[in-house]
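Peer 1: Starting off with a structure, shown below.
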Amino acid sequence: MTTYPVDMTVKPQVKAFFDSATNTISYVVKDPESRACAVVDSVMDIDYAAGRISYESADAIIAHIQENDLKLEWLIETHVHADHLSGAPYIQEKLGGKIGIGEKIKVVQDTFGKVFNEGTEFQRDGSQFDQLFTDGDTYTIGGMTAFAMHTPGHTPACMVHVIGDAAFVGDTLFMPDGGSARADFPGGDAGELYDSIQKVLALPDAMRLFMCHDYGPNGREIQWETTVGDEKEHNIHVGGGRSREDFIKFRTERDAQLSMPKLIIPSLQVNMRAGDVPKDKDGNPMLKVPINKL
Ligand SMILES: [Fe+2]
1 MTTYPVDMTV KPQVKAFFDS ATNTISYVVK DPESRACAVV DSVMDIDYAA
51 GRISYESADA IIAHIQENDL KLEWLIETHV HADHLSGAPY IQEKLGGKIG
101 IGEKIKVVQD TFGKVFNEGT EFQRDGSQFD QLFTDGDTYT IGGMTAFAMH
151 TPGHTPACMV HVIGDAAFVG DTLFMPDGGS ARADFPGGDA GELYDSIQKV
201 LALPDAMRLF MCHDYGPNGR EIQWETTVGD EKEHNIHVGG GRSREDFIKF
251 RTERDAQLSM PKLIIPSLQV NMRAGDVPKD KDGNPMLKVP INKL
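In terms of the UniProt record's numbering, the sequence shown opens at residue 1 and continues consecutively.
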């Protein structure tokens, strides 16, 4: 098992941005000792019915970075999201920084390259991204050392990014009363998800955990921050030492009842290209709808 370079003495400043259209939380993570920052899981807005893209969410992040005179070093994607489009290339164009994702993006590109019947011009080698992370890879944000933990199960390329005492869990976990993410997308696996969650729960109890999504279950207010200790004790899907076997059974039964996310078709096509909208043969931005493939 990989030993990860955990350093709880580093305490990044974390600013959250909630997108109410997709219940996604994006983050600006700042090094307390310098101007350096990273953006985690940004959003590009889409009115899918109208085929219209806009940038209010990404502009709010850009404004925050500019107003605070920060230097953007990284745009991290915890995985290929199926419920919102990434705003990473738009932010990168304005502020720089490198777009990074898990190396298993190649598997995701291969799977959905087939679903969307992409031609040979669609590279399935992750080359649309600036950096591909493998388990345990480290990178720096100013003076902070961050690392990526491979946490497959929801999707093959999922990674949790740990920056000092803050971990960005993507869709591995939800808030304790939200449980865990589905594991039934192509390449997903409930057993793998359980194992990945155990990796997160093996981090120190005081580690801050930042969610990618929250849906305010049972009418509570939207929340996005908890701790490893809290999840271990209270998570409704995996807390209290639930067994792997039990989790797989529960997760599989539940996933069978879930409908597809509203934005899965545009999200996959855009996010597997690092946030770029595909183009038709004449160079016009254009999306496809594969019939009976998902
Ligand atoms: Fe997801």
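Note that beta-carbon positions come from the ideal geometry of N, C-alpha and C, so glycine has one too.
1. With contact counted as at least three CB pairs below 8 Å, one residue from each stretch, are the stretch 19–28 and the stretch 235–250 in contact?
2. Under a three-way DSSP split, which group does R220 fall into?
3. My guess is that F196 and G229 are in contact by the Cβ rule of under 8 Å, so how many angstroms apart are they, rounded?
4. Check each candidate in Y194, F185, V270 and name the one with the smallest Cα separation from Q257.
5. Can you tell me whether D171 sits near ligand 1, meaning its C-beta is under 6 Å from at least one heavy atom of the ligand?
6. Closer than 8 Å is the cut-off here; do at least three beta carbon pairs connect the stretch 136–155 with the stretch 92–110?
7. Would you check if the distance between the CB atom of D255 and the CB atom of R182 is smaller than 7 Å?
8. List the DSSP bridge partners of T227.
9. Under 8 Å, with one C-beta from each stretch per pair, do the stretch 27–40 and the stretch 64–77 reach the 3-pair mark?
10. Measuring only from the beta carbon, is H81 closer than 6 Å to any heavy atom that is part of ligand 1?
11. Check V6 in the structure and name its three-state DSSP category.
12. Thinking C-alpha only, which one of D130, M211, S57 is nearest W74?
13. In whole angstroms, give me the CA-to-CA distance for D83 and S267.
14. Give the secondary structure of A16 by DSSP, where H, G and I count as helix, E and B as strand, and everything else as coil.
15. What residue range is occupied by the uninterrupted beta strand (DSSP E) comprising Y55?
16. What residues are listed by DSSP as bridge partners for K279?
17. Starting from A166, trace the beta strand (DSSP E) both ways and give me its first and last residue.
18. Buried or exposed: P5, going by 16 or more other Cβ atoms within 10 Å of its Cβ?
19. Using alpha carbons as the reference points, say which of C158, R208, M175, T140 lies closest to D165.
20. Taking 6 Å as the limit between beta carbons, can you name the residues of its chain near K11, skipping five residues before and five after?
21. Output the residue ranges of the alpha helix (DSSP H) runs that lie fully inside the stretch 136–202 and measure 4 residues or longer, sorted by chain position.
22. Could you tell me which residues DSSP pairs with S267 in its beta bridges?
23. In this structure, how does DSSP classify F133 when only helix, strand and coil are distinguished?
24. For S54, which residues of its own chain have a beta-carbon under 7 Å away from its beta-carbon, when the five flanking residues on both sides are left out?
25. Quick test of your reading: V115 and L294, contact by CB under 8 Å. State the CB separation rounded to the nearest angstrom.
26. Could you tell me which residues DSSP pairs with L75 in its beta bridges?
Peer 2: So, from the data block:
1. no
2. Counting from one through the sequence shown, the residue named residue 220 turns up at place 220. DSSP places R220 in coil when its eight states are reduced to three.
3. Locating residue 196 in the sequence shown gives position 196, counting from the first residue. Locating residue 229 in the sequence shown gives position 229, counting from the first residue. Reading off the sequence shown, one finds Ser at residue 196, where the question assumed Phe. Going by Cβ atoms, the distance from S196 to G229 rounds to 18 Å, so no, they are not a contact pair.
4. On the sequence shown, position 257 is the one that residue 257 refers to. Comparing Cα-Cα distances from Q257 to each of Y194, F185, V270, the minimum goes to F185.
5. Numbered from 1 along the sequence shown, position 171 holds the residue referred to as residue 171. The answer is yes for D171.
6. yes
7. Taking the sequence shown and counting its residues from 1, the one referred to as residue 255 is at position 255. Taking the sequence shown and counting its residues from 1, the one referred to as residue 182 is at position 182. Yes; because the gap between Cβ atoms is below 7 Å, this pair is in contact.
8. Within the sequence shown, residue 227 is the residue found at index 227, counting from 1. DSSP output for T227 lists R208 as bridge partner(s).
9. yes
10. As a working note, residue 81 is residue 81 in the sequence shown. Yes.
11. For the purposes of this step, residue 6 is taken as the residue at position 6 of the sequence shown. V6 falls in the coil class under three-state DSSP.
12. Within the sequence shown, residue 74 is the residue found at index 74, counting from 1. Minimum Cα distance to W74 is reached at D130.
13. Position 83 of the sequence shown, counted from the start, is the residue given in the question as residue 83. Position 267 of the sequence shown, counted from the start, is the residue given in the question as residue 267. Their backbone Cα atoms lie some 6 Å apart in a straight line.
14. Within the sequence shown, residue 16 is the residue found at index 16, counting from 1. It is a strand residue.
15. Numbered from 1 along the sequence shown, position 55 holds the residue referred to as residue 55. Unbroken run through Y55: none, as it is neither H nor E.
16. If you number the sequence shown from 1, residue 279 lands on position 279. Answer is P285, bridged to K279.
17. One-based indexing of the sequence shown puts residue 166 at position 166. Looking at the DSSP string, the run of the beta strand (DSSP E) that includes A166 is 166–168.
18. By 1-based counting over the sequence shown, the position of residue 5 is 5. When all chains shown are included, P5 counts as exposed.
19. For this step, residue 165 is matched to residue 165 along the sequence shown. Considering only alpha carbons, the answer is R208.
20. For the purposes of this step, residue 11 is taken as the residue at position 11 of the sequence shown. Only G164, D165 meet the Cβ criterion.
21. 190–201
22. By 1-based counting over the sequence shown, the position of residue 267 is 267. Paired residue(s): none; S267 is not in a bridge.
23. As a first step, residue 133 must be located in the sequence shown, where it is residue number 133. In the structure shown, F133 sits in a strand (DSSP, three-state: E or B).
24. As a first step, residue 54 must be located in the sequence shown, where it is residue number 54. Within the same chain, S54 has close Cβ partners D45.
25. What you label residue 115 is simply residue 115 of the sequence shown in a count that begins at 1. What you label residue 294 is simply residue 294 of the sequence shown in a count that begins at 1. Their Cβ separation, rounded to whole angstroms, is 7 Å, which keeps V115 and L294 in contact under 8 Å.
26. If you number the sequence shown from 1, residue 75 lands on position 75. In the DSSP output, where bridge partners are listed per residue, L75 has V39, I99.
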